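Take a look at the structure below.
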Amino acid sequence: MDVQTYKKRVERAVEYLKSKIQENPRIAIILGSGLSVIAEEVEKSGVAVKIPYSEIPEFPISTAPGHRGELIFGKLYGKNVMLMNGRFHYYEGYSMKEVTFPIRVMQLLGVEILVVTNAAGGLNPDFEVGRPMIITDHINLMGDNPLIGPNVDEWGPRFPDMSEPYDKKLVELAYNSAKELGIPVYQGVYVAVAGPNFETPAELRMLRRLGADAVGMSTVPEVIVARHAQMRVLGISAITDRAVPEDLKPLTAEEVLEVAEKTGRLIAQIIFEVVRKV
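When we follow our numbering, the leftmost residue of the sequence shown carries the number 1, and every step to the right adds one.
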């Protein structure tokens with residue numbers, strides 16, 4: 001797909017959404033597993049607008065387990081927010097441009113802060129399962145990049161700076177908020193791989209040696225595009241399993257989702273505090 005066609009597709013989706021909402025969102029949150037409590041809180045505001053992806057022109061459809069597939073617009077602590085309930089993954093067969101299509105939509109709607117959440121395996125042997133990890137940096141090992149191809153100059157620079165992919169002030173705010181709430185959290189580096197299989201012991205050893213604390217199959221493409229769009233980004237992972245070669249056990253997606261649900265509730269509390277204070 002050429003860049004002009006892509007640009008027009010994004011604009012069509014934005015035009016449709018603007019006809020459905022009263023106010024443009026300032027904060028966007030990509031909901032991972034267990035974060036439905038955030039959607040419930042926004043719906044309580046009484047002004048929430050829910051729009052299934054299937055109704056939005058040009059929008060991709062989510063196929064991953066545990067992903068609802070809808071945008072929710074409303075208020076959270078008096079702030080205009082947009083929730084993405086169900087994301088797109090590279091392993092589903094989408095192109096990087098499709099995976100990050102919603103981020104471009106957010107950009108054109110005027111979103112300034114992106115909060116992204118995910119489920120991840122803990123590569124750091126000191127990490128306990130069921131705890132959140134605030135992402136301080138990332139490594140892209142997906143073998144692709146959403147910015148490949150002609151650049152849309154009005155969306156961002158050809159060579160965007162990535163010296164601070166995750167906003168330091170937001171990281172600090174999230175960490176301090178967790179501390180106040182009595183929620184133990186880690187801080188660390190997230191590495192993204194293409195998936196969809198879980199990693200081999202040799203791959204896990206390699207990822208750990210590269211300096212990663214947690215591994216997953218999402219987030220990085222969205223963050224690259226959000227930074228290209230000059231958004232401030234906060235990322236939080238739910239550590240759902242121990243990705244440590246020495247004590248590796250067979251793993252299923254169901255087990256990951258179960259832990260992600262529980263950890264997601266803790267992450268939601270942190271996000272509530274961040275939105276309240278930001």
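Cβ atoms here follow ideal geometry from the backbone N, Cα and C, with glycine treated the same way.
All values derive from a computational prediction rather than experimental measurement.
Report buried or exposed for residue i, applying the criterion of at least 16 other Cβ atoms within 10 angstroms of its Cβ.
i, result
"D2", "exposed"
"D126", "exposed"
"M162", "exposed"
"S33", "buried"
"Q230", "exposed"
"A120", "buried"
"T100", "buried"
"Q107", "buried"
"P150", "exposed"
"S19", "exposed"
"T252", "exposed"
"S45", "exposed"
"R232", "buried"
Quick one, which of the options has its alpha-carbon nearest residue i's?
i, options, result
"D213", "Y90, N124, A120, K50", "N124"
"V47", "K75, G69, I30, G264", "K75"
"E98", "E222, D241, V259, E258", "E222"
"A13", "L173, E41, S54, S36", "S54"
"A226", "L83, D247, I113, A119", "I113"
"L17", "P102, G130, Y91, E128", "P102"
"Y166", "V220, R209, T200", "V220"
"F198", "K249, T263, M106, N85", "K249"
"H138", "E164, D153, S19", "E164"
"P201", "G122, E255, P132", "G122"
"E23", "V81, G69, V259, Y6", "V81"
"L257", "R209, V191, L35, K277", "L35"
"Y77", "K8, R232, A39, R87", "A39"
"R265", "F88, L31, L251", "L31"
"M96", "P160, Y6, P132", "Y6"
"Q4", "D153, K262, V259", "D153"
"Q187", "K169, P132, E254", "P132"
"E180", "V259, Q269, A243", "Q269"
Measuring CB to CB, does residue i end up less than 9 Å from residue j?
i, j, result
"I271", "T136", "no"
"L141", "V193", "yes"
"V211", "V189", "One detail in the question is off: residue 211 reads as Gly in this sequence, not Val. Yes, the Cβ-Cβ distance between G211 and V189 is below 9 Å."
"L71", "I56", "yes"
"V275", "K50", "no"
"I27", "V111", "yes"
"G182", "Y90", "no"
"L173", "L109", "no"
"V115", "I224", "no"
"V171", "I134", "yes"
"G93", "G69", "no"
Quick test of your reading: residue i and residue j, contact by CB under 8 Å. State the CB separation rounded to the nearest angstrom.
i, j, result
"I236", "I267", "5 Å"
"V129", "D247", "Incorrect: roughly 11 Å between the Cβ atoms, too far for contact."
"R158", "V10", "Actually they are not in contact, since the Cβ atoms of R158 and V10 sit about 18 Å apart, beyond 8 Å."
"L207", "P245", "Going by Cβ atoms, the distance from L207 to P245 rounds to 10 Å, so no, they are not a contact pair."
"E273", "S177", "4 Å"
"F73", "P25", "6 Å"
"G156", "H228", "4 Å"
"V42", "L83", "6 Å"
Which residue spans inside the segment 173-233 form an unbroken beta strand (DSSP E) run of at least 3? 186-193, 214-216
Can you give, in chain order, each stretch of the alpha helix (DSSP H) that sits fully within the segment 17-52 and has at least 4 residues? Here the runs fully enclosed are 36-44.
Which runs of the beta strand (DSSP E) at least 3 residues long sit entirely within the segment 110-180? Give them in chain order. 113-122, 132-141
Ordered list of alpha helix (DSSP H) runs contained in the segment 61-112, each at least 4 residues: 96-99, 101-109
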